[in-house]
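Peer 1: Sending over a structure as structure tokens; questions will come in a sec.
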Amino acid sequence: MTRPQGPIQPGEVPDGCIPRRVLFLREATETGQPPSVASAHGGSLKPPPVEVDCYRAAFATGGYNPYSLAVLQHRELNGEVLAHHLQYGPEATVPTTGSRYWGMVLTSYRTVNALYAALQTKVNDHHHGYQIEAPGVPETGTRQQEALVAGGWQNAPVFVVGGKTAQRYRSLFGNVGHVLGEETGNARQLLALIDTYVQDHRVPSHQTGRHTRISLNDPTGLAAGPALLFPCSRIRLPTMINGLTDRGLNVADLPVYDTVADPTIPHRLRDLAEEVTTTYNRGGFTNTTDSSAAAPFAFRWVAFFSPSGVDAALPALRELVNGGELPYLAAIGPTTAEHLTSIHGVRVHAVAVNPDAPALLAAVQAYEANPGP
């Protein structure tokens, strides 16, 4: 089957062309609720409501038919350890023989979710003797906000990657901390912003570029020297740690969530592709019944949102097309795009300049307007 070489206008489905369907390989945020997060104590923890899925809304406005397929499962880790270390912010009054943290680095909204869940566990725990006294938080503030203020984070720099992470942090923690990095799109851009911050602000002395991996065997041990606290994924890339230590800044990281491939991806992907292909066939546009052509025929575009999402879903997509041509591929940023090309050897047709829905839509539309060879 041959792909159309030009854009299809909304409502137009020429004979032999792939309809303007785009598949997002991510969990959709539906009906104003964020994805659930498994709790280490059983059940699930869900932050307050957020907006309807922005990617599906943006692409629908752009004339596409959007679909979503969750390909990853996330499990929170080390919540109690994180909650303990959050007591030692820059203005904390908790006595300690170690040094305190002077700022925090959050590179994804999932780390913000983990932060919220850790504090939720902390404020619900009646056995550790931890008392929250946070007069700086308005009466409308949540207990999680109060816990951050009690930990001394009210005026601390909170470095984030992207608007989505910044928005999630503000929705959960209000004005606690100074959020910086909303305009950045990846770790390298955030490191450049941290460079500027360090030049323009007075940061704690004794910055030696030391990396501390917070020990789970000694969860009360703090970083040696004032450090940036970096809650992260268990399978984080080394970019942020190396960038901070190369700049002579101390950093202490703690894995706060784990990401694994959903084992049902192949079945759900095939079911979805066959469903939309069958619907298209019933419309009288084609007589194609070859299931190996289901993926490219069903979806004009497939968008990836992380290297782990690529590893989880691309093999299933390749299996589905059975040696045939893949759909157009889009990536949420350069890291994911590089993973697709260098590790998996596939072409990426569109790369978002920022990790958000408008940028991804713009990248896809730019390729549609001027397809490459």
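Here the sequence shown stands for residues 37 to 409, where the numbers follow my numbering. No residue lacks a Cβ here, since even glycine has one placed at the ideal position from N, Cα and C. These numbers come from a predicted model, not from an experiment.
#1: Decide if Q190 is buried, meaning its Cβ has at least 16 other Cβ atoms within 10 Å, or exposed.
#2: Give me the Cα-Cα distance between V234 and H242, rounded to the nearest whole angstrom.
#3: Less than 8 angstroms between the C-beta atoms of R336 and Y364, yes or no?
#4: Taking DSSP's pairing of strands, which residues face D294 in a bridge?
#5: Shortest alpha-carbon distance to G307 belongs to which of V88, Y91, Y103?
#6: Cutting at 7 angstroms between CB atoms, please list the residues of its own chain near D231, excluding the five before and the five after it.
#7: Please give the ranges of any alpha helix (DSSP H) in the stretch 329 to 374, keeping only runs that are unbroken, at least 4 residues long and fully inside the region.
#8: Based on Cα-Cα distance, which residue from L59, H120, P193 lies nearest to T157?
#9: Mapping the DSSP letters down to three states, classify D289 as helix, strand or coil.
#10: Would L229 and T220 be called neighbours here (beta carbons separated by less than 8 angstroms)?
#11: Considering only C-alpha positions, which residue in the set G99, V117, V58 is nearest to N253?
#12: Helix, strand or coil for V173? Go by DSSP, reduced to three states.
#13: State the start and end residues of the unbroken alpha helix (DSSP H) segment that holds S269.
#14: Does the contact criterion of 3 or more C-beta pairs under 8 angstroms hold for the stretch 89 to 108 versus the stretch 138 to 152?
#15: Which parts of the stretch 192 to 265 are runs of the alpha helix (DSSP H), unbroken and 4 residues or longer, counting only runs that do not cross its ends?
#16: Do the CB positions of G213 and A192 come within less than 8 angstroms of each other?
#17: Taking Cβ to Cβ, would you say V215 is nearer than 8 angstroms to V196?
#18: Under the rule that 16 or more other beta-carbon atoms within 10 Å means buried, what is G79, buried or exposed?
Peer 2: To lay it out plainly:
#1: As a working note, residue 190 is residue 154 in the sequence shown. By the 10 Å Cβ count, Q190 comes out buried.
#2: On the sequence shown, position 198 is the one that residue 234 refers to. On the sequence shown, position 206 is the one that residue 242 refers to. Using only the alpha carbons, I get a separation of about 14 angstroms.
#3: Within the sequence shown, residue 336 is the residue found at index 300, counting from 1. Within the sequence shown, residue 364 is the residue found at index 328, counting from 1. Yes, these two residues count as a Cβ contact at 8 angstroms.
#4: The residue labelled residue 294 in the question sits at position 258 within the sequence shown. According to DSSP, which records beta bridges pairwise, D294 is partnered with R111.
#5: For this step, residue 307 is matched to residue 271 along the sequence shown. It should be pointed out that residue 307 corresponds to Asp in this sequence rather than to Gly. Of the listed residues, the one whose Cα sits closest to D307 is Y103.
#6: Indexing the sequence shown from 1 puts residue 231 at position 195. Here the set comprises R283.
#7: 330 to 334, 343 to 357, 370 to 374
#8: Here residue 157 is taken as the residue at index 121 of the sequence shown, counted from 1. The shortest C-alpha separation from T157 is found at H120.
#9: Taking the sequence shown and counting its residues from 1, the one referred to as residue 289 is at position 253. The answer is strand: DSSP assigns D289 an E or B state.
#10: Mapped onto the sequence shown, residue 229 falls at position 193. Mapped onto the sequence shown, residue 220 falls at position 184. The answer is yes: Cβ separation under 8 angstroms.
#11: Against the sequence shown, residue 253 aligns to sequence position 217. The candidate whose alpha carbon is nearest that of N253 is V117.
#12: Reading the sequence shown from its first residue, position 137 is the one you call residue 173. At V173, the pLDDT of 37 sits below 50, so the modelled position is not reliable; the number obtained from the coordinates is stated separately. V173: coil per DSSP, three-state reduction.
#13: On the sequence shown, residue 269 is found 233 positions in, with the first residue counted as 1. Unbroken run through S269 is the beta strand (DSSP E), 263 to 269; no alpha helix (DSSP H).
#14: no
#15: 198 to 209, 223 to 236
#16: Position 177 of the sequence shown, counting from 1, holds the residue named residue 213. Position 156 of the sequence shown, counting from 1, holds the residue named residue 192. A contact, by the Cβ cut-off of 8 angstroms.
#17: As a working mapping, residue 215 is identified with position 179 in the sequence shown. As a working mapping, residue 196 is identified with position 160 in the sequence shown. Contact: yes.
#18: The sequence position of residue 79 within the sequence shown is 43, counting from 1. A caution first: G79 carries a pLDDT of 45, below 50, which makes its placement in the model unreliable, though a value can still be read off. Classification of G79: exposed, given that the 10 Å Cβ count is below 16.
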